[in-house]
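Engineer:
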Amino acid sequence: MALLVGSAVTPKFSFDNTVDIIGHRGAGGVAPENTRVAIEQAILAGAQWVEIDVQETADGEVVVIHDSDLMKIAGVDLKVWDASVEGITSVDIGTSFHPKFHDERVPKLQEILELCKGKIGIIIELKSYGHGQMLEQRVVDLVEASGSVDEVQCMSLKAGVVAHLKKIRPQWRVGLLLSLAVGDLRKIEADFLAVNARFATSQMVQEAHEADKLLYAWTLNDPVSVSKMVGRGVDGIITDYPAMAKNVVVQRSELNLIQRLLVEFAESLGVQPNLGQQ
-7 MALLVGSAVT PKFSFDNTVD IIGHRGAGGV APENTRVAIE QAILAGAQWV EIDVQETADG
53 EVVVIHDSDL MKIAGVDLKV WDASVEGITS VDIGTSFHPK FHDERVPKLQ EILELCKGKI
113 GIIIELKSYG HGQMLEQRVV DLVEASGSVD EVQCMSLKAG VVAHLKKIRP QWRVGLLLSL
173 AVGDLRKIEA DFLAVNARFA TSQMVQEAHE ADKLLYAWTL NDPVSVSKMV GRGVDGIITD
233 YPAMAKNVVV QRSELNLIQR LLVEFAESLG VQPNLGQQ
């Protein structure tokens, strides 16, 4: 079988292996998402960043949790914005993932800032679900009080939140989370874009870079997908399995052009590359 190498046949291809590994909700594939143990796993994996979600409780504490309630992670119908921090942090959120994690609780942002300082950067996604009117300012206050400003990025699905953060802290790196394809990237007021991997084409990466923005792709949980995104030149890989992704990047650096092309087209060729294993 011959492989034709040319712009009409292959996607734009990068030999640059410079990419950050970003642990999604810590290492959400191997430990309960957004918990201390998940974040510790991302640190052990050698990820450059950990992505976490934050919300505000009824009594104004910033806690690390993705969903608006505890149904998915604990089977408890408790809304974050209706509960006190004591009520939220008293619930076992680890057993539903695996009984060995029965001690895991929803952490406060302050705890995670302390845990990560000097070990791993943090990308904080702000989630309000229509509540948490003081969330941006409270996150800023906590980050600054922890002395972690240089180790933190923030992002949101809501352009208004991004704009507000840039207004109150213009020097901070703030990104927009995108689940759909968009138009002119130059018109987006953000320092980076976190994009659904389906839309993270080589062209979009190029357009983001021309607009002076970084581009992170989510959520990539298999070796072939990780390798493809590295080949397209993304700046960050958001994954539930940071150890796997880290191994792919290391192993990919040892492949020649033909081997990388085989990985790129592995699915259509019906082959399974031996990537991501230690």
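Just so we're aligned, residue -7 is where the sequence shown starts under the numbering used here, counting upward by one.
Glycine included, every Cβ here is placed at the ideal spot set by N, Cα and C.
Everything numeric in this text was worked out from a predicted model, so none of it was measured.
Pick from Val72, Asp51, Val241: whose alpha carbon is nearest that of Lys119?
Structural biologist: For the purposes of this step, residue 119 is identified with residue 127 of the sequence shown, where counting begins at 1. Minimum Cα-Cα distance from Lys119 among the listed residues Val72, Asp51, Val241 corresponds to Val72.
Engineer: Near Gln251, what residues of its chain come up, given a Cβ to Cβ distance below 6 Å and the 5 sequence neighbours on each side ignored?
Structural biologist: On the sequence shown, residue 251 is found 259 positions in, with the first residue counted as 1. So the list is empty, once near-sequence residues are dropped.
Engineer: Throw me the rounded Cβ distance for the Val131 and Lys100 pair, which I believe falls under 8 Å.
Structural biologist: Along the sequence shown, one-based indexing puts residue 131 at 139. Along the sequence shown, one-based indexing puts residue 100 at 108. Lys100 and Val131 do not touch by the CB rule: their CB atoms are close to 12 Å apart, not below 8 Å.
Engineer: Going by other Cβ atoms of all chains shown within 10 Å of its Cβ, with 16 needed for buried, is Asn239 buried or exposed?
Structural biologist: Indexing the sequence shown from 1 puts residue 239 at position 247. Label assigned to Asn239: buried.
Engineer: Nearest by alpha-carbon distance to Asp214: which of Gly21, Gly175, Glu199, Trp41 is it?
Structural biologist: In the sequence shown, the residue the question calls residue 214 occupies position 222. Of the listed residues, the one whose Cα sits closest to Asp214 is Gly21.
Engineer: From what residue to what residue does the beta strand (DSSP E) around Lys71 run?
Structural biologist: The residue labelled residue 71 in the question sits at position 79 within the sequence shown. Taken as a continuous stretch (DSSP letters only), the beta strand (DSSP E) holding Lys71 covers 68 to 71.
Engineer: Is Asp142 closer than 8 Å to Val166 when the C-beta atoms are compared?
Structural biologist: The residue labelled residue 166 in the question sits at position 174 within the sequence shown. The residue labelled residue 142 in the question sits at position 150 within the sequence shown. Contact annotation: Val166 and Asp142 have beta-carbon atoms that are not nearer than 8 Å.
Engineer: Hey, would you say Gly15 sits closer than 8 Å to Val42, going by beta carbons?
Structural biologist: For this step, residue 15 is matched to residue 23 along the sequence shown. For this step, residue 42 is matched to residue 50 along the sequence shown. Judged by beta-carbon spacing, Val42 lies within the 8 Å limit of Gly15, meaning their Cβ atoms are closer than that value.
Engineer: Label Pro234 either buried or exposed according to how many other C-beta atoms from any shown protein chain fall within 10 Å of its C-beta, with 16 as the threshold for buried.
Structural biologist: Here residue 234 corresponds to residue number 242 of the sequence shown, with the count starting at 1. Result: buried.
Engineer: In chain order, what residues of the same chain have a beta carbon less than 7 Å from the beta carbon of Phe93, not counting five sequence neighbours either side?
Structural biologist: Here the question's residue 93 lines up with position 101 in the sequence shown. Counting only Cβ-Cβ distances below 7 Å, and skipping sequence neighbours, we find Ala23, Pro24, Val29, Gly86, Thr87.
Engineer: Note the first and the last residue of the continuous alpha helix (DSSP H) segment covering Ala235.
Structural biologist: Sequence index remark: in the sequence shown, residue 235 carries index 243 (1-based). Residues 234 to 244.
Engineer: If we require 4 or more residues per run, which alpha helix (DSSP H) segments fall completely within the stretch 20 to 53?
Structural biologist: 28 to 37
Engineer: Quick one: using the 10 Å Cβ neighbour count with 16 as the cut-off for buried, is Ile31 buried or exposed?
Structural biologist: If you number the sequence shown from 1, residue 31 lands on position 39. Buried.
Engineer: Pull up the CB-CB distance for Asp227 and Asp51, whole angstroms please, since I reckon it's below 8 Å.
Structural biologist: Counting from 1 along the sequence shown, the entry for residue 227 is found at position 235. Counting from 1 along the sequence shown, the entry for residue 51 is found at position 59. Asp227 to Asp51, Cβ: 37 Å. No contact.
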